[in-house]
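Mapping the sequence shown onto full-length UniProt numbering, position 862 (from 1) lands on 862, and the numbers just tick up by one. Quick reminder that beta carbons are idealized off the backbone N, C-alpha and C, glycines included. To keep things clear, I will list the structure first and then write my remarks on it.
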Amino acid sequence: MSARPPPPPRPSADARGGPGRGGGAVRGRRGLTRREREREREPERAGGEQDAPGPPGPPAAPSPPPARPRRGPPAGPMEEMEEELKCPVCGSFYREPILLPCSHNLCQACARNILVQTPESESPRSRRASGSGASDYDYLDLDKMSLYSEADSGYGSYGGFASAPTTPSQKSPNGVRVFPPAMPPPAAHLSPALAPVPRNSCITCPQCHRSLILDDRGLRGFPKNRVLEGVIDRYQQSKAAALKCQLCEKAPKEATVMCEQCDVFYCDPCRLRCHPPRGPLAKHRLVPPAQGRVSRRLSPRKVSTCTDHELENHSMYCVQCKMPVCYQCLEEGKHSNHEVKALGAMWKLHKSQLSQALNGLSDRAKEAKEFLVQLRNMVQQIQENSVEFEACLVAQCDALIDALNRRKAQLLARVNKEHEHKLKVVRDQISHCTVKLRQTTGLMEYCLEVIKENDPSGFLQISDALIRRVHLTEDQWGKGTLTPRMTTDFDLSLDNSPLLQSIHQLDFVQMKASPPVPATPILQLEECCTHNSSATLSWKQPPLSTVPAEGYILELDDGNGGQFREVYVGKETMCTVDGLHFNSTYNARIKAFNKAGVSQYSKTLVLQTPEDTDSEEQTLPFPVPSERLPLRRMSPFSSTLNLQPSFPRRSYFDFRSSPHQLSLHSSLQSLNAPGGNFETQSTPYSQLVDIKKLLAVAWFAFDPGSAHSDIIFSNDNLTVTCSSYDDRVVLGKTGFSKGVHYWELTVDRYDNHPDPAFGVARIDVMKDVMLGKDDKAWAMYVDNNRSWFMHNNSHTNRTEGGIAKGATVGVLLDLNRKTLTFFINDEQQGPIAFENVDGLFFPAVSLNRNVQVTLHTGLPVPDFYSSRASIA
Numbered sequence: 001m002s003a004r005p006p007p008p009p010r011p012s013a014d015a016r017g018g019p020g021r022g023g024g025a026v027r028g029r030r031g032l033t034r035r036e037r038e039r040e041r042e043p044e045r046a047g048g049e050q051d052a053p054g055p056p057g058p059p060a061a062p063s064p065p066p067a068r069p070r071r072g073p074p075a076g077p078m079e080e081m082e083e084e085l086k087c088p089v090c091g092s093f094y095r096e097p098i099l100l101p102c103s104h105n106l107c108q109a110c111a112r113n114i115l116v117q118t119p120e121s122e123s124p125r126s127r128r129a130s131g132s133g134a135s136d137y138d139y140l141d142l143d144k145m146s147l148y149s150e151a152d153s154g155y156g157s158y159g160g161f162a163s164a165p166t167t168p169s170q171k172s173p174n175g176v177r178v179f180p181p182a183m184p185p186p187a188a189h190l191s192p193a194l195a196p197v198p199r200n201s202c203i204t205c206p207q208c209h210r211s212l213i214l215d216d217r218g219l220r221g222f223p224k225n226r227v228l229e230g231v232i233d234r235y236q237q238s239k240a241a242a243l244k245c246q247l248c249e250k251a252p253k254e255a256t257v258m259c260e261q262c263d264v265f266y267c268d269p270c271r272l273r274c275h276p277p278r279g280p281l282a283k284h285r286l287v288p289p290a291q292g293r294v295s296r297r298l299s300p301r302k303v304s305t306c307t308d309h310e311l312e313n314h315s316m317y318c319v320q321c322k323m324p325v326c327y328q329c330l331e332e333g334k335h336s337n338h339e340v341k342a343l344g345a346m347w348k349l350h351k352s353q354l355s356q357a358l359n360g361l362s363d364r365a366k367e368a369k370e371f372l373v374q375l376r377n378m379v380q381q382i383q384e385n386s387v388e389f390e391a392c393l394v395a396q397c398d399a400l401i402d403a404l405n406r407r408k409a410q411l412l413a414r415v416n417k418e419h420e421h422k423l424k425v426v427r428d429q430i431s432h433c434t435v436k437l438r439q440t441t442g443l444m445e446y447c448l449e450v451i452k453e454n455d456p457s458g459f460l461q462i463s464d465a466l467i468r469r470v471h472l473t474e475d476q477w478g479k480g481t482l483t484p485r486m487t488t489d490f491d492l493s494l495d496n497s498p499l500l501q502s503i504h505q506l507d508f509v510q511m512k513a514s515p516p517v518p519a520t521p522i523l524q525l526e527e528c529c530t531h532n533s534s535a536t537l538s539w540k541q542p543p544l545s546t547v548p549a550e551g552y553i554l555e556l557d558d559g560n561g562g563q564f565r566e567v568y569v570g571k572e573t574m575c576t577v578d579g580l581h582f583n584s585t586y587n588a589r590i591k592a593f594n595k596a597g598v599s600q601y602s603k604t605l606v607l608q609t610p611e612d613t614d615s616e617e618q619t620l621p622f623p624v625p626s627e628r629l630p631l632r633r634m635s636p637f638s639s640t641l642n643l644q645p646s647f648p649r650r651s652y653f654d655f656r657s658s659p660h661q662l663s664l665h666s667s668l669q670s671l672n673a674p675g676g677n678f679e680t681q682s683t684p685y686s687q688l689v690d691i692k693k694l695l696a697v698a699w700f701a702f703d704p705g706s707a708h709s710d711i712i713f714s715n716d717n718l719t720v721t722c723s724s725y726d727d728r729v730v731l732g733k734t735g736f737s738k739g740v741h742y743w744e745l746t747v748d749r750y751d752n753h754p755d756p757a758f759g760v761a762r763i764d765v766m767k768d769v770m771l772g773k774d775d776k777a778w779a780m781y782v783d784n785n786r787s788w789f790m791h792n793n794s795h796t797n798r799t800e801g802g803i804a805k806g807a808t809v810g811v812l813l814d815l816n817r818k819t820l821t822f823f824i825n826d827e828q829q830g831p832i833a834f835e836n837v838d839g840l841f842f843p844a845v846s847l848n849r850n851v852q853v854t855l856h857t858g859l860p861v862p863d864f865y866s867s868r869a870s871i872a
């Protein structure tokens, strides 16, 4: 193994933290390992640069963050770069900047000020990623840390710290809240830069608000940003500003001397207090500030060292962690198995990438400058057009004599309002683009200065973050930023043609024509059909229509001549409506809509549903002038629109079409009839359309949407039971208001002799009590021996004979005769249960967990009842 050059001597406490803070020239060693201390003493034994230690000087209080310097108006690109060089906490130029893992910078003194001490027993444990993390620190979620967040700044102290709520927070010049450290002040013989930091110290980045826990090294674990220091030095030299004292507590005074050994500028009071000419400080050389600036510029830049091994220089670049490392990190540290590349090669590569990114950003900045010129020209054009428009308006108003004079002031006010609006929009855009351009130029100048640096290690520490910022800034310029938000023309015109009697209705006329509404849809009669309790409607746009439609609205009435209500809204041109009433007449119509509005309604389509129960098909004549249009009984359209009543005078429609599913709402009271005749109404004549009558029986299932939550459904919602010992109500999906309807329920399970109830109910019946307890239900409840009829909690007609497992309960609702009759095992149970029933009824059952029933629908009316009805 080749010999390694001896490590450079460690800087003295004066050079790192300034005299007067650590006392004399004593080197602080707190936080160093034993091996590092031994290696540190080697240069001292060989007669290094450090002077012999003397008695410590009097300790001085730590210097607070410097005050924000006064800013003058920007004078050039270097001025715009100033924001990149200032600390977000103290608002002054960075002093001894450290680089956080999030790629943001902080002054070392400011970092100490915003440290937050956390109790060891409550603090999250700092975890290190083995071989994969880019930093020794783990970012922590503020919620997981229980940090007390300040609403105005995002910073806070640990919630479990007892003194945090009572310790007043200080505010830095730029508005950032800084919490004072809760630990005792550092010992007098230690430098503040190397002051011991408790193991559970937490720091939050003032810019991105990411928090992390510090390890035993404290702030020494963060690398020094030597590149940023060099850029700040060059910037200050270019301004040739008066050098300020670095130790003044409040407003820095002008420096009078500089200590070459301490590398610190002093004013006279601070020199006498912190750098007395006695002891070891008597040998220090004090020079004028100008000479000290020159000597500082000519002195070689401090080389960045490894944060884990402070005596080692960076020699390689870890590709996985994206950071420079030393040879000891590769042998012993977490980078031992990582891919590494030569430091010089990666330095050149990242410089090339940053240069290429700056080329694109430079083009955007050039376009932004041209865009700003265009916006400033627009201001003048708006002014000229406004004056011209006002003159024309005044001339026209004067020509209309007294009647127009009352209107003239209003029109002028509108023009002025439009004028101010346009100016405000353009000026706001100018202001926004100016600020953005200044930030972009500042970033460009800062990047160019960074490229000039010859420190590969320091450059690679910040190059990734700069490249990302440059790309992000370039993308922000490309998102419609360089497009004017306002036109220079006034899209208004004054129409002076109306007669004097219409002068009070005079108003501006927009020059742009409004977009047209779509044409009226045409119902396709050859595609319309009915089957069982469903009706399928189809429509299309007129063949010569050039205005596209965004969707369609299908409306139906309630079958009783009531108002039309929307039953479908969507882009489809065909849908099926289920659950129409028997022996009812429905009117259907369709209209199209787009952003401009809605079209006229189509011709009304009349649907006449059948009332007889014959299964044979019938065809009605349909006189068509030109040709006969046959109707297909089944449509190839697979989507259906199912009616699921759940609220009074309101139904839910589920539009089902694989692979899409859509829920629609309707305010229909009832749509419940299959088949029938279609009829189109138009002026001045009507036409009948062919239709086929099918078997007029109702097919339905139980409705999960309106049932009690304790009801359990199975078998495609045909079988129900309950999870509770209390009675719960479930309704059928279909409601009836006309015709004769019959359905049966089979008892699948019957335990412990419960009292299930069967019957009909309104849609808003109570669902948590036995059916018939309120005035919204008519029911028969039955046990294993007898039954009763019940309505509004009134029990009547006790009848012997009950149910058991396997029994069948029939319900016959005759709305033509307005009666309700019950059957058990095909035998009528007692007399007619209820008479004079009228309105809309839904099949209903109430049961508990001891009963399970299955619904059977689509059944014909019992023969004996049909015969008895015909005799009657």
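Given that a residue counts as buried once 16 or more other Cβ atoms are within 10 Å of its Cβ, and exposed if not, what is residue i?
{"i": "His791", "result": "buried"}
{"i": "Lys334", "result": "buried"}
{"i": "His421", "result": "exposed"}
{"i": "Thr796", "result": "exposed"}
{"i": "Glu449", "result": "buried"}
{"i": "Ala698", "result": "buried"}
{"i": "Asp359", "result": "Note that residue 359 is Asn in the sequence shown here, rather than Asp. Answer is exposed; the Cβ neighbour count stays below 16."}
{"i": "Pro860", "result": "exposed"}
{"i": "Ala345", "result": "exposed"}
Grab the span of the alpha helix (DSSP H) containing residue i for me, first residue to last.
{"i": "Asp372", "result": "Residue 372 is actually Leu in this sequence, not Asp. Leu372 -> alpha helix (DSSP H) spans 343-399."}
{"i": "Cys274", "result": "268-274"}
Following the continuous beta strand (DSSP E) through residue i, name the residue where it begins and the one where it ends.
{"i": "Glu566", "result": "565-570"}
{"i": "Glu800", "result": "794-800"}
{"i": "Leu212", "result": "211-213"}
{"i": "Ile763", "result": "From DSSP, Ile763 is part of no beta strand (DSSP E); its letter is neither H nor E."}
{"i": "Ser502", "result": "Ser502 -> no beta strand (DSSP E), and no H or E assigned at all."}
{"i": "Met258", "result": "257-259"}
Who are residue i's beta bridge partners in DSSP?
{"i": "Gln828", "result": "Phe823"}
{"i": "Leu460", "result": "Leu460 is not bridged to any residue."}
{"i": "Asn105", "result": "Leu99"}
{"i": "Pro324", "result": "Tyr317"}
{"i": "Thr746", "result": "Thr808, Thr854"}
{"i": "Cys722", "result": "Ile711"}
{"i": "Trp539", "result": "Leu523"}
{"i": "Ala788", "result": "Here the sequence assigns Trp to residue 788, which means Ala is not the residue at that position. Partner(s): Tyr781."}
{"i": "Arg728", "result": "Leu847"}
{"i": "Lys591", "result": "Ile553"}
{"i": "Cys575", "result": "Leu537"}
{"i": "Glu835", "result": "Thr819"}
Report, in whole angstroms, the separation of the C-beta atoms of residue i and residue j, which I expect to be a contact under 8 Å.
{"i": "residue 887", "j": "Leu554", "result": "This structure gives no information on residue 887, because the portion of the chain shown stretches from 1 to 872."}
{"i": "Asp703", "j": "Lys733", "result": "4 Å"}
{"i": "Val517", "j": "Gly597", "result": "4 Å"}
{"i": "Leu492", "j": "Phe508", "result": "5 Å"}
With distances taken from CA atoms, which of the options is nearest residue i?
{"i": "Thr483", "options": "Ala282, Ala519, His432", "result": "His432"}
{"i": "Lys250", "options": "Cys270, Leu106, Val264", "result": "Cys270"}
{"i": "Gln461", "options": "Thr307, Ser584, Leu718, Lys366", "result": "Thr307"}
{"i": "Leu466", "options": "Lys351, Glu229, Ala535", "result": "Lys351"}
{"i": "Arg798", "options": "Val426, Val720, Pro831", "result": "Pro831"}
{"i": "Tyr266", "options": "Leu423, Ala111, Ala255, Arg565", "result": "Ala255"}
{"i": "Lys776", "options": "Gln828, His753, Val837", "result": "Val837"}
{"i": "Phe713", "options": "Thr854, Cys326, Phe842", "result": "Thr854"}
{"i": "Leu354", "options": "Leu311, Ala413, Glu453", "result": "Glu453"}
{"i": "Asn752", "options": "Trp743, Thr719, Arg95, Asn848", "result": "Asn848"}
{"i": "Gln261", "options": "Cys274, Leu247, Arg285, Leu840", "result": "Arg285"}
From the beta carbon of residue i, is the nearest beta carbon of chain C less than 8 Å away?
{"i": "Gly333", "result": "Protein chain content of the structure displayed is limited to a single chain, and chain C is not contained in it."}
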